[in-house]
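Residue numbers (our numbering), protein chains in the order written: chain A, 1 to 80; chain B, 81 to 239. Cβ coordinates follow ideal geometry from the N, Cα and C atoms, glycine included. Some notes on the structure that comes next.
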Amino acid sequence: MSPENEATLKLNLEGLLCPIPVVKVSKAVKDLPIGGVLEATATDPGVLADIPAWARTTGNEVIKIEREGKLVRFLLRRLK
Amino acid sequence: MENSADGVTIIVFSGDMDKIMAAFNIAIGAAASGKETNMFFTFWGLKAIQKGNLTGNSFFGSMMGLMNRGGINTIGPSRFNFWGIGRWMFNQMMKAHKITPIAELLKTAIDLGVKLLPCQMSMEVMEIRKEDFIDEVQPACGVATMLEMAYRSKATLFI
Numbered sequence: 001m002s003p004e005n006e007a008t009l010k011l012n013l014e015g016l017l018c019p020i021p022v023v024k025v026s027k028a029v030k031d032l033p034i035g036g037v038l039e040a041t042a043t044d045p046g047v048l049a050d051i052p053a054w055a056r057t058t059g060n061e062v063i064k065i066e067r068e069g070k071l072v073r074f075l076l077r078r079l080k
Numbered sequence: 081m082e083n084s085a086d087g088v089t090i091i092v093f094s095g096d097m098d099k100i101m102a103a104f105n106i107a108i109g110a111a112a113s114g115k116e117t118n119m120f121f122t123f124w125g126l127k128a129i130q131k132g133n134l135t136g137n138s139f140f141g142s143m144m145g146l147m148n149r150g151g152i153n154t155i156g157p158s159r160f161n162f163w164g165i166g167r168w169m170f171n172q173m174m175k176a177h178k179i180t181p182i183a184e185l186l187k188t189a190i191d192l193g194v195k196l197l198p199c200q201m202s203m204e205v206m207e208i209r210k211e212d213f214i215d216e217v218q219p220a221c222g223v224a225t226m227l228e229m230a231y232r233s234k235a236t237l238f239i
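Next comes the structure, spelled out in structure tokens:
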């Protein structure tokens, strides 16, 4: 992984359902510096649509979001 | 008047647990996306932000207060309530699926800065005083305030 995509903050959202993953992500992103990267894992398949939607609304960047079996893993960069 | 038109306004008319849940869910999502989010509670919706004490002065008002006490944990679903059995059943099902309890949704909305505004007119009709609401509720207001919030919003919902 390129160094600029190295996560500085990790978040475990496993077992949580809508709307809590979005709440936790929005809180965690506030703790990041601009340009900082958050890595999170979740089990709610709804986050596959919701995290990109949240990022578009708030002006942040989803670097990667993918499903690994029952787990969804994503990388987010704070831009604002 | 500020005219950014980027907020979310939710008019909560229903006092049904399932609809209130949807309203809080949307409010939380909006607030977590950085949107100014206001919830305007009118008519049965007031039940969701009450403390749960007895209300009313007149005979009818007191009867209503007794039969429908209000409070986030006493409201029942719009269908299959069966005098409270349905509420219990839904709560069990939500617990089994690890869904956030409705009281927790209310708390999360408050923590995220969602504003809760009660409708003065409904308070008069239903004989509910501001002391009957949870502490976080804003001063009562009317349709002009609600509309001003709606003009500042990109999305306005009536639930």
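Pick from the options that is closest to residue i, judged by C-alpha positions
i	options	result
V247 of chain B	B:I91, B:D98, B:M119, B:S113	A question about residue 247 of chain B goes unanswered here, because the residues of chain B that appear run from 81 up to 239.
V88 of chain B	B:M101, B:K131, B:A112	B:A112
G81 of chain A	A:R73, A:E61, A:P45	The structure shown has nothing for residue 81 of chain A, since chain A only spans 1 to 80.
E14 of chain A	A:T43, A:T8, A:V25, A:P33	A:T43
P52 of chain A	A:P33, A:V25, A:L9	A:V25
For residue j and residue i, the rounded distance between their alpha carbons
i	j	result
I90 of chain B	P3 of chain A	43 Å
R48 of chain A	Q218 of chain B	It is Leu, not Arg, that sits at residue 48 of chain A in the sequence shown. For L48 of chain A and Q218 of chain B, the distance between alpha carbons rounds to 36 Å.
L38 of chain A	A55 of chain A	12 Å
L16 of chain A	A40 of chain A	12 Å
G150 of chain B	K131 of chain B	7 Å
N148 of chain B	R167 of chain B	14 Å
T225 of chain B	I165 of chain B	38 Å
F104 of chain B	L192 of chain B	11 Å
S233 of chain B	A110 of chain B	11 Å
I190 of chain B	R78 of chain A	24 Å
V23 of chain A	I108 of chain B	7 Å
T58 of chain A	F140 of chain B	48 Å
K80 of chain A	M169 of chain B	43 Å
S138 of chain B	L237 of chain B	33 Å
Assigned secondary structure, residue i (DSSP; H/G/I helix, E/B strand, else coil)
i	result
K64 of chain A	strand
F238 of chain B	strand
L71 of chain A	strand
K195 of chain B	strand
S202 of chain B	helix
S233 of chain B	strand
V240 of chain B	The requested residue 240 of chain B does not occur in the structure, where chain B is confined to residues 81 to 239.
A40 of chain A	strand
T81 of chain A	For chain A, the structure presents residues 1 to 80; residue 81 of chain A sits outside this window and is missing.
A110 of chain B	helix
Meets three-Cβ-pair contact criterion under 8 Å: the segment 69-79 of chain A and the segment 89-103 of chain B: No, the segment 69-79 of chain A does not touch the segment 89-103 of chain B.
Cβ pair count under 8 Å reaching 3, the segment 173-181 of chain B against the segment 125-139 of chain B: By the C-beta criterion, the segment 173-181 of chain B is judged not to be in contact with the segment 125-139 of chain B, since fewer than 3 inter-stretch pairs fall below 8 Å.
Any alpha helix (DSSP H) of 4 or more consecutive residues that is wholly inside the segment 146-183 of chain B: Listed in chain order, they are 165-176.
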